[in-house]
Every structure is written in structure tokens, then in C-alpha cells.
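K.L.:
Let me begin by handing over the structure; questions about it come next.
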Amino acid sequence: MPELPEVETTRRGLEPLLRDRRIVTLEVRDPRLRWPVPTGLATQLAGATIRGLTRRAKYLLLDTSQGGILLHLGMSGSLRHCSPDTPLRKHDHLRLQLDDGFEIRLHDPRRFGCCLPLPPPPEVHPLLARLGPEPLGSNFDGATLFHHGRGRRGPVKGFIMDQAVVVGVGNIYATEALFLAGIRPGRAAGRVTRREYDRLARHIREVLEEAITQGGTTLRDFLREDGSHGYFGQSLRVYGRAGEPCPTCGNTLRNRVIAQRASAYCPACQR
DNA sequence: CTTTAGGCCTGACGGC
DNA sequence: TGCCGTCAGGCCTAAA
């Protein structure tokens with residue numbers, strides 16, 4: 002279940018392996034993803050030189066001399082770098098064969114991911130056009146959240162998971178950041194104070210950066226395995242721990258469904 | 001405009 | 001042991 006740190010770690014791991022490589026073939030073994038992998042994509046990419054691999058939100062953008070590619074890992078997707086004689090697995094959808102004899106495989110059992118052409122300029126693509134600021138970028142802070150949150154009656158947790166507000170904050174890191182900021186996930190976004198949004202923005206950045214840092218230490222595993230080893234072993238303080246004691250005060254953590262997602266919180270620490 | 005619900009999928013899990 | 005219902009999760013899309 003790649004969240005932003007996993008996607009960024011994947012990008013950092015793969016970028017040096019892909020840059021300046023030539024694509025020999027793209028084999029579409031199973032085009033059934035969130036949207037079908039277009040027929041003709043393989044032909045378009047054959048012989049292309051890879052210029053780079055960047056990230057926007059949880060999307061990976063592969064830039065080549067013969068056009069861009071937009072990748073999303075959805076819920077269960079992963080990319081691995083391996084040699085062609087590595088046994089193929091069920092749900093290996095794509096093989097991107099490189100001129101150095103290695104290949105990249107997209108593995109995605111639940112098929113929520115995608116692989117689509119990305120015509121220039123990338124930022125106008127419908128899937129990218131309405132995205133909010135990057136949480137690790139310079140134009141994301143408490144002021145942004147506060148101003149965007151004016152008049153919002155929905156829960157703050159759903160608000161920060163809204164890709165138009167800030168990208169890349171999934172259920173896990175939203176839960177963790179709200180705990181660290183001392184804000185209950187069910188609070189109306191419009192009722193969270195400026196000071197609280199400052200804390201929240203800081204903690205969103207913090208939990209994501211912490212996860213990326215830890216991701217770097219397990220990068221080798223991440224690229225070779227299927228990404229199912231969990232969140233880099235990052236110590237999650239409250240996510241998935243309803244019923245357990247709060248790591249700060251010892252009160253029993255509760256669970257509520259907020260914005261259609263399980264939300265653990267401490268009734269004492271979070272207000 | 002905001003907010004909510006539905007849908008897409010498979011694998012893991014629990015109950016019988 | 002096997003079958004089946006439920007759940008998880010990102011995020012688009014339609015509808016309220």
C-alpha cells in the first residue's frame with residue numbers, strides 16, 4: 002500500500018538505474034489496471050532513451066525521448082529491478098526491458114495502479130492538473146491549510162487527505178500526524194485554529210520525512226521484494242492500534258470511521 | 001463550491 | 001479442510 006514515502010523511495014532507488022538507459026521493449030503482460038494500459042504504448046516506447054524519473058503526489062513520471070509515462074502504484078503496486086530470468090509472478094503486469102540486460106517489473110495484484118501516456122506538458126494532464134501542493138515542498142505550511150480550510154465543515158482528517166488540499170497524505174500518515182498535532186480526526190476543518198494547523202503541517206512533513214529516511218535503509222529490500230514488508234518498519238504510534246494504550250498518556254486509543262476510513266485517536270491527547 | 005457514496009480489485013482473515 | 005462474507009486501501013467519478 003504505497004503511500005508517498007514508499008513512492009519516493011521507489012523513485013530514488015530506480016532513478017539511477019533508469020537514467021540514460023534505452024528501453025529495448027515494454028512487454029504488457031496484463032493491461033488490466035485501473036485504466037487499461039493503452040495498446041500502442043509498447044510501440045511508442047520501443048527504443049526510447051529514459052531521461053529521468055520524477056514524482057508528483059503519488060504518481061511517478063517517467064520521461065523518455067519518445068514521450069512521458071504516468072505510473073501509479075495504487076494500493077498494492079510495486080516496481081522491482083531484476084534480471085530477465087527472475088521467475089515471473091502472478092500479477093506481474095509490465096516488463097520494461099532495458100539495454101543493460103536488466104528490467105523493471107510492475108507488480109499489482111489489486112490493479113488500482115495505472116500506466117498511461119503522459120503528453121507534455123505533464124502538469125496539465127487531467128490526473129495531475131488539480132493536485133494541491135507537495136507536503137515536502139516550500140509552498141505547504143500551516144497558513145495554506147488554514148486558509149484553504151475556511152468554511153469547511155467536513156472532518157479535518159478528510160480535509161488533509163484531499164488531494165486538492167495537499168497531496169500524498171494517505172490514511173496512515175493522516176492518522177499519525179493528527180495524533181502528533183493533538184487534533185481529533187473528526188474535528189471540522191474550519192474549526193481548527195491557525196496554531197493547530199501550523200503544528201499539523203509540521204507533523205505531516207515530519208512523519209513523511211521520517212518514513213522516507215527509514216525507507217532509504219531498507220531500499221534494497223524494497224526494490225527486490227514486493228513492498229509488502231510494511232511501512233519500512235516505521236513505528237506507527239496510533240494507526241491500527243485502537244484498543245491499545247496511548248503511547249503518550251496511556252489512555253485506551255479509540256477507533257472511529259472518519260471520511261470512510263478507520264481512524265485511531267487518543268481521546269485524551271487529541272482535542 | 002463542498003461533501004458523500006459507490007466502485008474498482010485481490011488477499012487475508014474469521015466464522016462456520 | 002473448505003467455503004464464504006467482510007474488510008482494507010487510493011482515488012476517480014457521479015450524485016447530493
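Quick note: the first sequence uses our numbering, first residue 2, plus one each step.
Backbone N, C-alpha and C define an ideal beta-carbon position, used for all residues, glycine too.
All of these numbers come straight from a predicted model, not from anything done at the bench.
Is Cys-250 buried or exposed, if buried means 16 or more other CB atoms sit within 10 Å of its CB?
P.N.:
Here residue 250 refers to the residue found at position 249 when the first sequence is read from its first residue. Classification of Cys-250: exposed, given that the 10 Å Cβ count is below 16.
K.L.:
Going by DSSP, name the residue or residues bridged to Leu-146.
P.N.:
As a working note, residue 146 is residue 145 in the first sequence. Note: Leu-146 sits in no beta bridge, so no partner.
K.L.:
Report buried or exposed for Lys-158, applying the criterion of at least 16 other Cβ atoms within 10 angstroms of its Cβ.
P.N.:
Counting from one through the first sequence, the residue named residue 158 turns up at place 157. It is buried - the Cβ of Lys-158 has at least 16 other Cβ atoms within 10 Å.
K.L.:
What runs of the alpha helix (DSSP H), each 4 residues or longer, lie entirely inside the region 20-86?
P.N.:
Correct list: 42-46.
K.L.:
What does the Cβ neighbour count give for Asp-109, buried or exposed, with the cut at 16 atoms within 10 Å?
P.N.:
Reading the first sequence from its first residue, position 108 is the one you call residue 109. When all chains shown are included, Asp-109 counts as buried.
K.L.:
What does a CB cutoff of less than 6 Å around Thr-55 pick up in its chain, not counting 5 residues either side in sequence?
P.N.:
As a working mapping, residue 55 is identified with position 54 in the first sequence. Cβ neighbours of Thr-55 beyond the five flanking positions: Leu-62.
K.L.:
Can you tell me whether DSSP reads Tyr-266 as helix, strand or coil?
P.N.:
Position 265 of the first sequence, counting from 1, holds the residue named residue 266. Strand at Tyr-266.
K.L.:
Among Ala-265, Asp-100, Pro-268 and Ile-213, which one has its Cα closest to the Cα of Gly-48?
P.N.:
Taking the first sequence and counting its residues from 1, the one referred to as residue 48 is at position 47. Among Ala-265, Asp-100, Pro-268 and Ile-213, the Cα nearest to that of Gly-48 is on Asp-100.
K.L.:
Kindly identify the DSSP beta-bridge partner or partners of Thr-253.
P.N.:
Residue mapping note: residue 253 aligns to position 252 of the first sequence, counting from 1. Per DSSP, Pro-246.
K.L.:
Please return the same chain residues whose Cβ sits closer than 8 Å to the Cβ of Arg-15, not counting the five positions on each side in sequence.
P.N.:
Residue 15 sits at position 14 when you count from the first residue of the first sequence. As written in the sequence, residue 15 is Leu, which differs from the Arg given in the question. Answer for Leu-15: Leu-54, Leu-80, His-82, Ile-105 and Leu-224, listed in chain order.
K.L.:
Please find out if some non-hydrogen atom of the ligand SAM comes closer than 7 Å to the beta-carbon of Lys-59.
P.N.:
No copy of the ligand SAM appears in this structure; indeed no ligand is present at all.
K.L.:
Evaluate contact between the region 149-165 and the region 178-197, counting only Cβ atoms and requiring at least three cross-stretch pairs below 8 Å.
P.N.:
At 8 Å Cβ cutoff, the stretches touch.
K.L.:
Counting pairs of beta carbons, one from the region 252-266 and one from the region 198-210, are three or more of them closer than 8 Å?
P.N.:
In short, these stretches do not touch, since the Cβ pair count stays below three.
K.L.:
Hey, would you say Val-167 sits closer than 8 Å to Gly-133, going by beta carbons?
P.N.:
Here residue 167 refers to the residue found at position 166 of the first sequence. Here residue 133 refers to the residue found at position 132 of the first sequence. In this structure, Gly-133 lies closer than 8 Å to Val-167 by Cβ.
K.L.:
I believe Leu-119 touches Trp-36 by the beta-carbon criterion, under 8 Å. Please report the beta-carbon distance rounded to the nearest angstrom.
P.N.:
Taking the first sequence and counting its residues from 1, the one referred to as residue 119 is at position 118. Taking the first sequence and counting its residues from 1, the one referred to as residue 36 is at position 35. Their Cβ separation, rounded to whole angstroms, is 13 Å, which puts Leu-119 and Trp-36 out of contact at 8 Å.
K.L.:
If I measure Cβ to Cβ from Arg-206 and keep anything under 8 Å in the same chain, skipping five residues before and after, which residues do I get?
P.N.:
As a position in the first sequence, residue 206 is number 205, starting the count at 1. Cβ within range, chain order: Pro-136, Leu-137 and Phe-141.
K.L.:
In chain order, what are the residue ranges of uninterrupted alpha helix (DSSP H) at least 4 long that sit wholly in the region 119-184?
P.N.:
As far as the region 119-184 is concerned, its whole alpha helix (DSSP H) runs of at least 4 residues are 127-130, 143-149, 157-161 and 172-182.
K.L.:
Consult DSSP for Glu-226 and reduce its assignment to one of helix, strand or coil.
P.N.:
As a working note, residue 226 is residue 225 in the first sequence. Its pLDDT being 43, under 50, Glu-226 is placed unreliably by the model, and the measurement read from it follows with that caveat. In this structure, Glu-226 counts as coil in the three-state DSSP scheme.
K.L.:
Quick test of your reading: Phe-180 and Val-239, contact by CB under 8 Å. State the CB separation rounded to the nearest angstrom.
P.N.:
By 1-based counting over the first sequence, the position of residue 180 is 179. By 1-based counting over the first sequence, the position of residue 239 is 238. About 5 Å separates the two Cβ atoms, so the contact holds.
K.L.:
Taking DSSP as the reference, what is the three-state secondary structure of Ala-260?
P.N.:
Within the first sequence, residue 260 is the residue found at index 259, counting from 1. The answer is coil: DSSP assigns Ala-260 none of H, G, I, E or B.
K.L.:
Quick check on this structure: which residue in Cys-270, Gly-150, Pro-248 and Val-170 has the alpha carbon closest to the alpha carbon of Ala-58?
P.N.:
Sequence index remark: in the first sequence, residue 58 carries index 57 (1-based). Measuring from the Cα of Ala-58, the nearest candidate turns out to be Val-170.
K.L.:
So for Thr-215, helix, strand or coil by DSSP?
P.N.:
Counting from one through the first sequence, the residue named residue 215 turns up at place 214. Inspection of the sequence shows that residue 215 is occupied by Gln rather than by Thr. The answer is helix: DSSP assigns Gln-215 an H, G or I state.
K.L.:
At the level of alpha carbons, what is the spacing between Gly-41 and Glu-28?
P.N.:
By one-based count along the first sequence, residue 41 stands at place 40. By one-based count along the first sequence, residue 28 stands at place 27. Each residue's alpha carbon lies about 11 Å from the other.
K.L.:
Only counting the same chain, and skipping five residues up and downstream in sequence, which positions put a Cβ closer than 7 Å to that of His-73?
P.N.:
Mapped onto the first sequence, residue 73 falls at position 72. Excluding sequence neighbours, His-73 sits near Lys-59, Tyr-60, Gly-114 and Cys-115.
K.L.:
Grab me the residues of Gly-69's own chain with a C-beta within less than 8 Å of its C-beta, minus the 5 sequence neighbours each way, in chain order.
P.N.:
Translated into positions along the first sequence, residue 69 becomes position 68. Within the same chain, Gly-69 has close Cβ partners Leu-62, Leu-63, Pro-118, Leu-119, Pro-120, Pro-121 and Pro-123.
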